[in-house]
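See structure below.
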Amino acid sequence: MAQDAEVFGGGVAVITGAGSGIGAGLARRAGALGMTVVVADVNQAAAQATVDQIVAAGGQAEAVRVDVSHPEELDRLADHVFAAHGEVRLLINNAGIETVGYTWEVPTARWEATLNINLHGVIHGVRAFMPRLIASGKEAWIGNLSSVGAFGMMPAQTAYIVTKHAVQAFSECLYLEAQLKAPQIHVSAIIPGMLKTNIFNAGAGDDVAGHEPESARAHRQRMFEMMRDYGMDLDEGCRLFLEQMAENRFWVHSQPDMSREVLDGRIAFFQAQQAPVLPESVRHIIAE
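Below, the structure is given as structure tokens:
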């Protein structure tokens with residue numbers, strides 16, 4: 001029987017990038033479990049929309065505008081949350097954007113935004129909250145949004161893939177650090193497979209980042225259609241994520257079979273030590 005309600009019910013959850021996508025799904029699920037949810041997002045209106053959904057379902061939540069690409073805003077978020085609520089049981093560093101385009105075609109501003117949001121937002125989210133989580137002496141859970149992309153490679157999605165490889169490595173090291181210094185804090189790498197979200201919608205992330213090259217449009221459309229047609233229901237995936245976190249798992253998957261396939265491919269790549277190869281099955285995605 002799932003123990004997520006027992007573990008998380010009644011506590012405080014802080015979720016970044018919770019105005020849409022996986023972040024919103026996690027926020028709704030945390031609210032349904034009885035948590036008070038701090039919905040953090042760079043888009044205040046989107047954050048409030050998630051809050052309204054949680055409240056309409058009988059839960060408790062508040063919206064806070066936070067741009068995770070600025071470390072000082074994550075410090076401000078931590079200050080606010082601990083002052084207002086006293087403690088945090090669940091922290092999910094989810095905020096992220098997809099970036100499409102060949103490495104040399106992606107503008108500097110978009111590269112920097114992708115690194116700052118997807119990677120530095122996770123790192124500084126932990127840095128801002130961890131000392132107070134440790135000082136409380138209470139059990140707490142941290143989830144960092146990795147991806148099946150953390151174990152693979154994909155041309156024209158290089159910026160995103162790089163950040164997810166880094167988030168996975170960061171989470172693995174953080175897990176060991178917690179074991180050494182704060183074993184009451186449980187760290188998870190959340191690994192979505194293919195979920196029905198709007199991350200590949202045209203213009204996604206343009207409100208917080210530089211625009212992508214024109215060549216990205218066709219690639220985005222193909223990926224959007226694939227996720228729309230074959231992705232897992234978002235709320236179901238988020239339910240699975242919190243169930244697994246409640247079991248103190250490090251590896252948290254939406255689609256374990258998909259993760260295993262990608263991991264097996266990665267292992268084979270390392271063992272063979274051959275040059276990267278683009279499978280024919282995905283070549284059409286980036287074909288002009």
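Each residue of the sequence shown is one higher than the last, beginning at 1 in full-length UniProt numbering.
Every residue gets a Cβ at the ideal spot worked out from N, C-alpha and C, and that includes glycine.
For clarity, every value in this text was computed on a predicted model and none was experimentally measured.
Asked                                                                                                                                                           : Found
Count the other CB atoms, across all protein chains shown, that sit within 10 Å of the CB of Met1; report buried if there are 16 or more and exposed otherwise. : Interpretation of Met1 is limited by its pLDDT of 49, a score under 50 that renders its predicted location unreliable; no figure is taken from the coordinates.
Once the 5 residues before and after Glu243 are set aside, which same chain residues still bring their CB inside 6 Å of it?                                     : Ala2, Asp4
So what's Thr103 in DSSP terms, helix, strand or just coil?                                                                                                     : coil
I believe Ile15 touches Leu145 by the beta-carbon criterion, under 8 Å. Please report the beta-carbon distance rounded to the nearest angstrom.                 : Not really, about 10 Å apart at Cβ, beyond 8 Å.
Based on Cα-Cα distance, which residue from Asp75, Phe170, Val187 lies nearest to Leu91?                                                                        : Val187
Between the alpha carbons of Ala46 and Pro155, how many angstroms are there, rounded?                                                                           : 31 Å
Report the three-state DSSP secondary structure of Ala126 (helix, strand or coil).                                                                              : First, the residue type needs correcting, since residue 126 is Val and not Ala in the sequence shown. Helix at Val126.
Where does Ile161 land, buried or exposed, given buried means 16+ other C-beta within 10 angstroms?                                                             : buried
Starting from Ile190, trace the beta strand (DSSP E) in both directions and tell me its first and last residue.                                                 : 185 to 191
Counting only the same chain and skipping the five closest in sequence on each side, list residues whose C-beta sits under 8 Å from that of His85.              : Val12, Thr36, Val38
Can you tell me whether Gly237 is helix, strand or coil according to DSSP?                                                                                      : helix
Between Ala49, His124, Gly10, Phe250, which has its C-alpha nearest Glu72's C-alpha?                                                                            : His124
Could you tell me if Asn93 is buried or exposed, where buried requires 16 or more neighbouring beta carbons within 10 angstroms of its beta carbon?             : buried
Assuming Phe250 contacts Ala189 (C-beta within less than 8 Å), just tell me the rounded distance between them.                                                  : 6 Å
Could you give the DSSP three-state label for Val64: helix, strand or coil?                                                                                     : strand
For the 8 Å Cβ check, are there 3 or more pairs between the stretch 51 to 69 and the stretch 120 to 135?                                                        : yes
Please decide whether Ala113 counts as near chain B, where near means a Cβ-Cβ distance under 8 Å.                                                               : Of the protein chains in the structure, only one exists, and it is not chain B.
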